[in-house]
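Working notes, beginning with the structure itself.
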Amino acid sequence: MLCDTMSMSTLHNDVKSWTLASDCDLLDHLQEMSKQIQNRTNDLMHQVESLDFDVSDLDVGLRNTFNEFLMLGNSQFIENRVYDDEEDDTAKGSNMIDEKNLVTGES
Numbered sequence: 007m008l009c010d011t012m013s014m015s016t017l018h019n020d021v022k023s024w025t026l027a028s029d030c031d032l033l034d035h036l037q038e039m040s041k042q043i044q045n046r047t048n049d050l051m052h053q054v055e056s057l058d059f060d061v062s063d064l065d066v067g068l069r070n071t072f073n074e075f076l077m078l079g080n081s082q083f084i085e086n087r088v089y090d091d092e093e094d095d096t097a098k099g100s101n102m103i104d105e106k107n108l109v110t111g112e113s
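Counting from 1, position 84 in the sequence shown corresponds to residue 90 in the numbering used here; the numbering is continuous, with no gaps.
Printed below as a string of structure tokens:
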């Protein structure tokens, strides 16, 4: 920077005796402030991108977990259904034996 930088309070105090050097100092100060804002904005943008990636990663993990629960529920339903069918078959088999025994007179 071509001009010496001054603090804003010094610039504020020099308002009544403003010179070209004061303009130069104000320009330097504004350019420095602009760089700081741009740097902070870039940092914030990177943090938001990182947050977006993390949220997307969590979303995939949550969906996978939900799908695993659905698969487990379906598997348990099928197991229970097979167990119920086996009980029905066993009960029908014993009823058929009882009916056969009644017809033939056996105990």
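C-beta: ideal position from N, C-alpha, C; glycine also.
Count the other CB atoms, across all protein chains shown, that sit within 10 Å of the CB of residue i; report buried if there are 16 or more and exposed otherwise.
| i | result |
| --- | --- |
| ASP29 | exposed |
| ASP31 | buried |
Please name the residue in the options whose C-alpha comes closest to that of residue i.
| i | options | result |
| --- | --- | --- |
| GLU38 | MET14, SER23 and ASP20 | MET14 |
In chain order, what residues of the same chain have a beta carbon less than 6 Å from the beta carbon of residue i, not counting five sequence neighbours either side?
| i | result |
| --- | --- |
| LEU8 | Bear in mind that the predicted position of LEU8 carries a pLDDT of just 48, short of 50, making it unreliable; the figure below should be weighed with that in mind. The answer is none, since no qualifying residue turns up. |
Closer than 7 Å by C-beta to residue i: which residues in its own chain qualify, once you throw out the five before and the five after it? Chain order, please.
| i | result |
| --- | --- |
| ASN45 | none |
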